[in-house]
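Please read the structure below before turning to the comments.
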Amino acid sequence: MKQSGRDISLLLFLFVLAAFFRIYSYIFLRDFPLYKCPFPSSDVDFYMALAVFMHQDIPFVNGQPFYYSPLYGLFYYIASYITDNYLPVLTVLNIILGSTTGAGVYLILRKLNLNRLISFAGGVTFSLYDVAVIYDIFPLKTTTGIFLIVWGLFFLISWYIDRKSVSLVVSGILFGFTSLVYVNLLMFISVIAIYLGLKKLRYGVLFTIPVFITVGFTAFLNYMKTSEFIPVTAIGGIHFYIGNNQQANGTYTYIPGIRPSGFGHYHDSIVVAEELSGEKMTPGKASSFWRKQAFRFIINNPGDFVKLTMKKLMLFFNYFDIPNNINKNFLEDRIPFLKHMTVHSGVLLVFGISSFMFLIKERKLEILHIFLITCVLSVILFFVTDRYRLPAFIPLVIYIFFLSSKIPGWSKEKKLLFLATVLSAGFIVFHETGISRDDYDRISVKRLAVSADICKIRENSRMPDREYMLRLGYIYLHTGSYEQAYYYLEKAGTDNKKTENVLNYLRSKLKWYFSDMSE
Numbered sequence: 473m474k475q476s477g478r479d480i481s482l483l484l485f486l487f488v489l490a491a492f493f494r495i496y497s498y499i500f501l502r503d504f505p506l507y508k509c510p511f512p513s514s515d516v517d518f519y520m521a522l523a524v525f526m527h528q529d530i531p532f533v534n535g536q537p538f539y540y541s542p543l544y545g546l547f548y549y550i551a552s553y554i555t556d557n558y559l560p561v562l563t564v565l566n567i568i569l570g571s572t573t574g575a576g577v578y579l580i581l582r583k584l585n586l587n588r589l590i591s592f593a594g595g596v597t598f599s600l601y602d603v604a605v606i607y608d609i610f611p612l613k614t615t616t617g618i619f620l621i622v623w624g625l626f627f628l629i630s631w632y633i634d635r636k637s638v639s640l641v642v643s644g645i646l647f648g649f650t651s652l653v654y655v656n657l658l659m660f661i662s663v664i665a666i667y668l669g670l671k672k673l674r675y676g677v678l679f680t681i682p683v684f685i686t687v688g689f690t691a692f693l694n695y696m697k698t699s700e701f702i703p704v705t706a707i708g709g710i711h712f713y714i715g716n717n718q719q720a721n722g723t724y725t726y727i728p729g730i731r732p733s734g735f736g737h738y739h740d741s742i743v744v745a746e747e748l749s750g751e752k753m754t755p756g757k758a759s760s761f762w763r764k765q766a767f768r769f770i771i772n773n774p775g776d777f778v779k780l781t782m783k784k785l786m787l788f789f790n791y792f793d794i795p796n797n798i799n800k801n802f803l804e805d806r807i808p809f810l811k812h813m814t815v816h817s818g819v820l821l822v823f824g825i826s827s828f829m830f831l832i833k834e835r836k837l838e839i840l841h842i843f844l845i846t847c848v849l850s851v852i853l854f855f856v857t858d859r860y861r862l863p864a865f866i867p868l869v870i871y872i873f874f875l876s877s878k879i880p881g882w883s884k885e886k887k888l889l890f891l892a893t894v895l896s897a898g899f900i901v902f903h904e905t906g907i908s909r910d911d912y913d914r915i916s917v918k919r920l921a922v923s924a925d926i927c928k929i930r931e932n933s934r935m936p937d938r939e940y941m942l943r944l945g946y947i948y949l950h951t952g953s954y955e956q957a958y959y960y961l962e963k964a965g966t967d968n969k970k971t972e973n974v975l976n977y978l979r980s981k982l983k984w985y986f987s988d989m990s991e
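Going by the numbering used here, the letters in the sequence shown line up with residues 473 to 991, in that order.
Shown next, in the form of structure tokens:
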């Protein structure tokens, strides 16, 4: 499909429209403390700490696999190397990447032979999806992942329509990098590789080689650092256990002794695994330990596991966007009119599920069906949050507008059946699950107070360096962010007994690092 001048004009309009809403949201949030001064150990703060620790060769990352996100950890490192004011640079990059995804959806619909008007409506809808808008103004890996997925699907569907090998290779490259951001999508990548190989071995090879190169390079780097085979991440085991244990409720649940942060999931999970097993643990062994603990729960409690899985399925297809690090609902209230100008998950789920039911036999959409099903399975195997289920909304939007082109030609009976399906889907989507927004908002209010204190410290240009380090250090200490607390308090120096005692306490909390260094 060659792009006409009209297509190019619509693509440009989609980009400008998406960028406008993201910039508009950024303008209202840029001075909001939770945005400007991220809460300790939230994802943005975590990556900021990684950049500092990597530059200064601090042992909290030295010698460890960058399982956190090899791709985005690298972005932070490079950006912070170029400029000290690197967060706005990464934010602009995310706004640009996020603003192209609506155009990607438009091109997918056009590739599926839909007219410009319907394709444009699909592109606008995804551009204005509120979860995507909010995540795109944060310097996080989520936007990079969605960008890679949208364009990976575009080239994969282009191959399906045109059978051009170059499209398959480009798709493999994009999904190879996707696996470093959305690790759970390795399930889709594996299934689609088999699907392609069954059609013709050459197709499977062309798609798989770029993926193997990308994942293999990461695995090689991890092996060089740990002498273990860790393809991408060393926290898959603890994430699997978080979603599958006796106290699991379908979303993120706190595991005693393990902080709910990047550092906690990696280092605390190793310490707790050592305490429970009585054995010295490596990153790979600790991940395996937690995976076995989860399987033990599943095998010993099959009934509870089935109920838990069904609850995860209900949460996945529920209107409520469960926060994960970012409380989209709380932030959206701070942006005038945004809630009334954007598209929400409930609407897309109701019409997306209904459309899928009527399109399940559509051969053109086989790849999207595989993507949606594997995405759902890969999330409910672990736990449900808004950003983990976000990729599923790509095919859901496409289904809605693909079906809309067929509805005018339906019989009255079929239209009534679709209406009944929409009403049934609405009952499922808007059914209350017991997950309360109020609980998450209370957490956000407490975090807001801490972020406001951090902003006051950072904006006080008259504050002596030592006092600056001490005050930040104690804030990080009180919020359980021990790595950053140790960094700031050690920088402040130990000219009094209190600080020395606190540093000793932190060394005991961070014993995995220091015992590893002593060896």
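Think of the CB as a built atom: it goes at the ideal place given N, C-alpha and C, for glycine as much as any other residue. Given the structure is predicted, the values throughout are model-derived calculations rather than measurements.
Report the option in the options whose CA atom is closest to the CA atom of residue i.
| i | options | result |
| --- | --- | --- |
| Y553 | H527, T572, S643, V638 | H527 |
| I707 | N656, I794, Y548 | N656 |
| V687 | Y654, Q718, Y498 | Y654 |
| S513 | A892, I879, A957 | A957 |
| V641 | V683, I618, Y791, V605 | V683 |
| V917 | P505, F493, G824, I866 | P505 |
| L578 | L484, L501, A491, G617 | Reading off the sequence, residue 578 comes out as Tyr, not Leu. Measuring from the Cα of Y578, the nearest candidate turns out to be L484. |
| P703 | F689, H711, H739 | F689 |
| R914 | V869, F802, S877 | F802 |
| T555 | R731, A523, S850, K583 | A523 |
| L844 | M659, Y549, G722 | M659 |
| G595 | G775, I794, V815, F627 | V815 |
| P755 | Y985, A490, L486, Y507 | Y985 |
| M782 | T893, S827, S980, V848 | V848 |
| T650 | R674, G669, W623 | W623 |
| C509 | F701, L673, D805, C927 | C927 |
| A897 | E838, L840, G818, F525 | G818 |
| R582 | D503, L668, L620, I480 | I480 |
| A521 | T563, G734, G617, F767 | G734 |
| K836 | F511, S476, A575, L625 | L625 |
What does residue i pair with, by DSSP beta-bridge criteria?
| i | result |
| --- | --- |
| Y654 | Answer is none; Y654 lacks a bridge partner. |
| Y601 | V815 |
| I730 | I727 |
Under three-state DSSP, which class holds residue i?
| i | result |
| --- | --- |
| I798 | strand |
| D992 | Since the first residue shown for the chain is 473 and the last is 991, residue 992 is missing from the structure and cannot be characterised. |
| G617 | helix |
| Y791 | coil |
| K752 | coil |
| R979 | helix |
| L486 | helix |
| M935 | coil |
| G624 | helix |
| K757 | helix |
| G1020 | No statement about residue 1020 is possible, as the shown extent of the chain runs from 473 to 991 and does not include it. |
| Y540 | Because the pLDDT of Y540 is 47, which lies under 50, any placement of that residue in the model is unreliable, and the question is left without a value. |
| N585 | coil |
| N566 | helix |
| I560 | First, the amino acid is wrong: residue 560 is Pro here, not Ile. Note: P560 maps to helix in three-state DSSP. |
| L506 | helix |
| T951 | coil |
| F647 | helix |
| K928 | helix |
| V772 | Note on residue identity: the sequence assigns Asn, not Val, to residue 772. In the structure shown, N772 sits in a helix (DSSP, three-state: H, G or I). |
| R635 | coil |
| S513 | coil |
| T573 | helix |
| F610 | coil |
| F525 | helix |
| S990 | Low per-residue confidence applies at S990: pLDDT is 45, beneath 50, and the placement is therefore not dependable enough to give any value. |
| S923 | helix |
| N973 | helix |
| I554 | helix |
Under 8 Å: do the region 947-964 and the region 922-930 share three or more Cβ pairs, one atom per stretch? These segments touch.
Which residue spans inside the region 672-706 form an unbroken alpha helix (DSSP H) run of at least 4? Segments of the alpha helix (DSSP H) lying fully in the region 672-706: 673-698.
Please go through the region 828-914 and give each complete alpha helix (DSSP H) segment of 4 or more residues, from N-terminal end onward. Taking only runs of at least 4 residues, the alpha helix (DSSP H) segments lying wholly in the region 828-914 are 838-852, 858-861, 865-876, 884-901.
Would you check if there are 3 or more beta carbon pairs closer than 8 Å linking the region 854-861 to the region 788-807? Short answer: they touch.
Is the region 484-501 close to the region 929-944, with three or more CB pairs under 8 Å? Too few Cβ pairs lie closer than 8 Å, so no.
Three-pair Cβ contact test at 8 Å for the region 827-843 versus the region 866-882: Verdict: yes, contact present.
Within the chosen definition, does the region 588-602 reach the region 629-639 through at least 3 CB pairs nearer than 8 Å? Not touching, per the Cβ criterion.
Answer yes if the region 599-618 comes into contact with the region 893-911, meaning at least three C-beta pairs across the two stretches below 8 Å, and no otherwise. Between the region 893-911 and the region 599-618, the count of C-beta pairs closer than 8 Å stays below three; the two stretches do not touch.
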